[in-house]
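Number of protein chains: 2
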Amino acid sequence: MPRTPLRRTVSDLGEFTLLNTVQQILADCNAPSPHGIGDDAAILQPSSGHEWLVSKDLLLEGIHFDSQYATYREIGYKAAAVNISDMAAMGGTPQYLLIGLAVPPSTPLAHVRALYRGLRDICRTFRITVIGGDTCASRTDVCISITIIGTVKAGHALCRNGAQVGDHIYVTGTLGDSGAGLRLLQDRTSRYTGQLPKSVVRFLIQRHLHPTPQVHLGQILAKRRLATAAIDLSDGLSGDLRHLCQASHVGADIEMSNIPISSQCAAYISYSHDSRMKISLASGEDYQLLFTVSPNNQQRLKHMATRLGYMITRIGTIQPSKQGLHIQLADGARQALPQQSYDHFRSSSVQARL
Amino acid sequence: MPRTPLRRTVSDLGEFTLLNTVQQILADCNAPSPHGIGDDAAILQPSSGHEWLVSKDLLLEGIHFDSQYATYREIGYKAAAVNISDMAAMGGTPQYLLIGLAVPPSTPLAHVRALYRGLRDICRTFRITVIGGDTCASRTDVCISITIIGTVKAGHALCRNGAQVGDHIYVTGTLGDSGAGLRLLQDRTSRYTGQLPKSVVRFLIQRHLHPTPQVHLGQILAKRRLATAAIDLSDGLSGDLRHLCQASHVGADIEMSNIPISSQCAAYISYSHDSRMKISLASGEDYQLLFTVSPNNQQRLKHMATRLGYMITRIGTIQPSKQGLHIQLADGARQALPQQSYDHFRSSSVQARL
Chain A
1 MPRTPLRRTV SDLGEFTLLN TVQQILADCN APSPHGIGDD AAILQPSSGH EWLVSKDLLL
61 EGIHFDSQYA TYREIGYKAA AVNISDMAAM GGTPQYLLIG LAVPPSTPLA HVRALYRGLR
121 DICRTFRITV IGGDTCASRT DVCISITIIG TVKAGHALCR NGAQVGDHIY VTGTLGDSGA
181 GLRLLQDRTS RYTGQLPKSV VRFLIQRHLH PTPQVHLGQI LAKRRLATAA IDLSDGLSGD
241 LRHLCQASHV GADIEMSNIP ISSQCAAYIS YSHDSRMKIS LASGEDYQLL FTVSPNNQQR
301 LKHMATRLGY MITRIGTIQP SKQGLHIQLA DGARQALPQQ SYDHFRSSSV QARL
Chain B
355 MPRTPLRRTV SDLGEFTLLN TVQQILADCN APSPHGIGDD AAILQPSSGH EWLVSKDLLL
415 EGIHFDSQYA TYREIGYKAA AVNISDMAAM GGTPQYLLIG LAVPPSTPLA HVRALYRGLR
475 DICRTFRITV IGGDTCASRT DVCISITIIG TVKAGHALCR NGAQVGDHIY VTGTLGDSGA
535 GLRLLQDRTS RYTGQLPKSV VRFLIQRHLH PTPQVHLGQI LAKRRLATAA IDLSDGLSGD
595 LRHLCQASHV GADIEMSNIP ISSQCAAYIS YSHDSRMKIS LASGEDYQLL FTVSPNNQQR
655 LKHMATRLGY MITRIGTIQP SKQGLHIQLA DGARQALPQQ SYDHFRSSSV QARL
């Protein structure tokens, strides 16, 4: 029986033909060499009055993503999205992307093509040019390495270290949707999945697989100097607030009842064994922004958000460092913010996150 | 029995303590945040009249390196060296490096520390600042992802696509040493390894484990506009000459007897089953430069090389595209250049290259 195109593997094709295939897929978000794929390095022209932002991430099968729960197109999309979110957190404009992909030689070619298509989808959305890429063999797992390069007006980048005592703490969007979506993917057969309306299940899973980096809002916060510090919510509110406070040498008080939860996530919580606290503090990958704003800028911020239609929510206040990080619960009790963020090396079992 | 520090694993330490350890090791080649490790992205200031060069590589255990053959310090050194070599090939000055490292949680901490020390060693040599890094868990294999950023005077970068018919083809140093060194590492117990003088074995293995990126010579070729095209020899002469010729839309004639071989590599060839042709054309990872020079610039090139003490050797001439790529053997016979370069996906077994 002849092999169908779907069954062709990467090793059937060979490295150089594979490179051509990749270049075809990325054709409309690639630049001609030497400013794109093809030379030993890509050349970037600096523009005056701007600074470059550079960030990189390594994503591994079984750790950061799992093809049981996502298609390769979704994996490609999300691998780029989490890096683009780093640009959003700095207030930058993502411009260039480099991708390294390692796959076992037996990988079906269709998977590799789908992965690059997902990458292309999000690069088109954000008008990002892919300037470098290589595909090599791995022994067992798929490994994706992405470097993203953006620009920001000189001196305007949002850093983690600018929060001041008295600043108000804000988040964009709603928290916990992605974490709830992951649980639903992992427990498709569990009791509560069947009880939830299908539209709720779809919404939460979609939020996990297709997070939207908050690039435009980050740019506005930076350009108008509205935020004193910012970070994107990748590890979960508890961990990421801790990172921001450590960098700024401050403490924080947040209020549980102010943490924005979508109606879909609330429905999930009501059926599942997960508490509202766990889902909103410890589940990561929402890729919303967490940022701090001086009390003097509250009005400007609110006007901007209303005019442009952004959902932003004040969840607390920056405190002196010695007061540490606390959360006020719905019943009024105040407790130290739990350390619940994800630690790759301490999790009892390897945890898939896509 | 108490566990010795040597036996501590990455999972004993946890992600955040590990990050501190890494920052200590990299202390003298790191920059303060936000221009270094610690924010969502690093900020780079552009300098006028220059362009940025960006290159990235993904290196996997069992494919690109093998801890059977190299210490973790050597692996860290070489992972950076192969990326720095990309800057050399473009005539650039490497300035910034980002590293992503994925290791199984059971990895001894000593291995991770050694790997970062090797990286630090070469960053010190080339005055490179580490501006980003993250360490995460993998399921089985170690995975290293490096992005390197350099600068070059605007318009001076050496590209692959500039070779003209009639240009002379040059290589730096000697070819095949690294390939011979790898064979010796793989066949430590074989007959010929015992027959070779120990100093020869040490020299060749050292050339495999500690390649020297030709950064300074690349810079001179670019600055003085001596080369029309350049590439670094990572896949082997046969494959890399093909890449350069394809990018430049030209053919090439090279002479076997002109390919520079070290006396140590010649000794290896005389004892081993490998032919001089196979070792000099198909064995990669020498990280020497292959470049083309207009006949008008031969004298300037030779004066420069003599004055600065660089070994460069003319190995052939660029031909019209339709003539293809040929090699003249020692007996005068002329044949098509064999396609012997390394293809990750076609090798019959997974091949370790460090």
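Protein sequences, first through last, are from chains A and B. So for the first sequence, this note's numbering puts the first residue at 1; every next one is plus one. So for the second sequence, this note's numbering puts the first residue at 355; every next one is plus one. No residue lacks a Cβ here, since even glycine has one placed at the ideal position from N, Cα and C. Bear in mind that the values here come from a model prediction, so they are computed numbers and not experimental data.
Quiz item: What in chain A is Cβ-close to B:G416, meaning under 7 Å?
Solution: R139
Exercise. For chain B, find out if any of its Cβ atoms is closer than 8 Å to the Cβ of A:P2; answer yes or no.
Key: Residue placement at A:P2 cannot be trusted, given a pLDDT of 45 that sits under 50; what the coordinates show is reported in the next sentence. Cβ-Cβ to chain B under 8 Å: no for A:P2.
Practice problem: Could you tell me the distance, in whole angstroms, from the CA atom of A:D40 to the CA atom of B:L529? | Solution: Each residue's alpha carbon lies about 19 Å from the other.
Practice problem: Return no unless some Cβ of chain A is closer than 8 Å to the Cβ of B:L452. | Solution: yes
Quiz prompt | Residues that A:S106 bridges to, as DSSP identifies them | solution = According to DSSP, A:S106 bridges with nothing at all.
Practice problem: Indicate whether at least one CB of chain B lies closer than 8 Å to the CB of A:R159. | Solution: In the sequence as presented, Arg is not what sits at residue 159 of chain A; that position holds Cys. Answer yes: the Cβ-Cβ gap between A:C159 and chain B drops below 8 Å somewhere.
Quiz item: Using a Cβ-Cβ distance under 8 Å, would A:C245 count as near chain B?
Solution: no
Self-check item: Three-state class that DSSP yields for B:P565 in the structure shown
Solution: Three-state DSSP puts B:P565 in coil, outside helix and strand.
Quiz item: If you count every other CB in all the chains shown that lies within 10 Å of the CB of B:N650, and 16 or more means buried, which is it?
Solution: exposed
Exercise. List the residues that DSSP assigns as beta-bridge partners of A:Q335.
Key: A:I327
Quiz item: So which of B:L655, B:P448 and B:H603 has the shortest CA-CA distance to B:Q673?
Solution: B:Q673 has its Cα closest to that of B:H603, out of B:L655, B:P448 and B:H603.
Practice problem: Would you please state the rounded distance, in angstroms, between the beta carbons of A:L289 and A:D232? I believe it to be under 8 Å. | Solution: 6 Å
Quiz item: So is B:S499 in contact with chain A if we call contact Cβ pairs under 8 Å?
Solution: Yes, its Cβ sits closer than 8 Å to a Cβ of chain A.
Quiz item: Hey, would you say A:T135 sits closer than 8 Å to A:L109, going by beta carbons?
Solution: no
Self-check item: 7 Å Cβ cut-off: residues of chain A touching B:A456
Solution: Taking a Cβ-Cβ threshold of 7 Å, the residues of chain A close to B:A456 are L58 and L60, in chain order.
Quiz item: Is B:I500 helix, strand or coil by DSSP?
Solution: strand
Practice problem: Output the distance between the C-alpha atoms of B:L413 and A:R307, rounded to the nearest integer angstrom. | Solution: 48 Å
Exercise. Check each candidate in A:Q298, A:T317, A:G236 and A:Y287 and name the one with the smallest Cα separation from A:M87.
Key: A:Y287
Quiz item: Helix, strand or coil: which one does DSSP assign to A:R8?
Solution: coil
Exercise. Starting from A:D187, follow its DSSP beta bridges and name the residues at the other end.
Key: BP columns for A:D187 are empty, so no partner.
Quiz item: Roughly how many angstroms separate the alpha carbons of A:L26 and A:G92, rounded to a whole number?
Solution: 23 Å
Quiz prompt | Beta-carbon contacts of B:K676 that lie in its chain and below 8 Å, excluding the five residues immediately before and after | solution = G605
Quiz item: Around the C-beta of B:T358, are 16 or more other C-beta atoms found within 10 angstroms, so that it is buried, or is it exposed?
Solution: Residue placement at B:T358 is flagged as unreliable, the pLDDT there being 47, under the threshold of 50; the coordinate-derived value follows with that caveat. Counting Cβ neighbours within 10 Å, B:T358 comes out exposed, since fewer than 16 surround it.
Quiz item: Is A:G389 close to chain B, meaning its C-beta is less than 8 Å from at least one C-beta of that chain?
Solution: Residue numbering for chain A in the displayed model covers 1 to 354; residue 389 of chain A lies beyond these limits and cannot be assessed.
Self-check item: Closest Cα partner of B:M565 within the set B:K432, B:C383, B:G638 and B:Y450
Solution: Position check: residue 565 of chain B holds Pro in this sequence, whereas Met was assumed. It is B:K432.
Quiz prompt | Opening and closing residue of the beta strand (DSSP E) in which A:R314 lies | solution = I312 to P320 is the extent of the beta strand (DSSP E) around A:R314.
Practice problem: Closer than 6 Å by C-beta to B:S611: which residues in its own chain qualify, once you throw out the five before and the five after it? Chain order, please. | Solution: A684
Quiz item: Can you tell me where the beta strand (DSSP E) with A:E74 in it begins and where it stops?
Solution: Per DSSP, A:E74 belongs to no beta strand (DSSP E); it is in the alpha helix (DSSP H), Y72 to A89.
Quiz prompt | Separation of A:Q246 from A:P338, as counted between CA atoms | solution = 15 Å
Self-check item: B:E609 - partner residues in DSSP beta bridges
Solution: Note: B:E609 sits in a beta bridge opposite B:Q682.
Exercise. Report back the beta-carbon spacing between A:I128 and A:P94 to the nearest angstrom; my notes put them in contact at under 8 Å.
Key: That belief holds up - the Cβ atoms of A:I128 and A:P94 are roughly 5 Å apart, short of 8 Å.
Exercise. To the nearest angstrom, report how far apart B:Y625 and A:G76 are at their CA atoms.
Key: 49 Å
Practice problem: Rank A:T9, A:G179 and A:L97 by C-alpha distance to the C-alpha of A:V56 and give the top, closest one. | Solution: Before going further, note that residue 56 of chain A is Lys rather than Val in the sequence given. Nearest C-alpha to A:K56: A:L97.
Quiz item: B:I666 and B:I608: beta carbons closer than 8 Å?
Solution: no
Quiz item: Where do the N-terminal and C-terminal ends of the beta strand (DSSP E) with B:A584 fall, by residue?
Solution: A583 to D586
Quiz item: Taking DSSP as the reference, what is the three-state secondary structure of A:C136?
Solution: strand
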